[in-house]
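For what it's worth, the working numbering labels the leading residue of the sequence shown as 855, then goes sequentially.
Glycine included, every Cβ here is placed at the ideal spot set by N, Cα and C.
The model shown is predicted, which means the values in this text are computed figures rather than measured ones.
The next block holds one structure in the form of structure tokens; read it before the comments.
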Amino acid sequence: CPYSAYNNYIEKGLWGPYAWESVEHHGDALTEEIKIESLKQDNPYGRCVWHCDNNVVDHQTVIIEFENGVTATHTLT
855 CPYSAYNNYI EKGLWGPYAW ESVEHHGDAL TEEIKIESLK QDNPYGRCVW HCDNNVVDHQ
915 TVIIEFENGV TATHTLT
């Protein structure tokens, strides 16, 4: 899965400041084992992206009509 927490946070080392906030108190003693355990237990970044409780739209288009009759389309992807 391209969104694998293990792949992105452990193997590739991406987005560390976000993923390891809950275990940063370990300081220099923060090991790969501690990171893996954190992802398995209480770290919200360890959850499957497809099974999260996120209810934010992933695509939205809004058409706006201004008072002067001009219309605009705003697309958010």
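message: Can you tell me whether His847 is helix, strand or coil according to DSSP?
response: Past the boundaries of the shown model lies residue 847; the chain is included only from 855 to 931, so the question cannot be answered.
Starting from Ile917, trace the beta strand (DSSP E) in both directions and tell me its first and last residue. 914-919
Simplified DSSP state of Leu930, which is helix, strand or coil
strand
**Prompt:** Between the stretch 895-904 and the stretch 869-883, do three or more beta carbon pairs fall short of 8 Å?
**Reply:** yes
inquiry  = Quick check: what's the CA-CA separation for Val910 versus Lys894?
reply    = 24 Å
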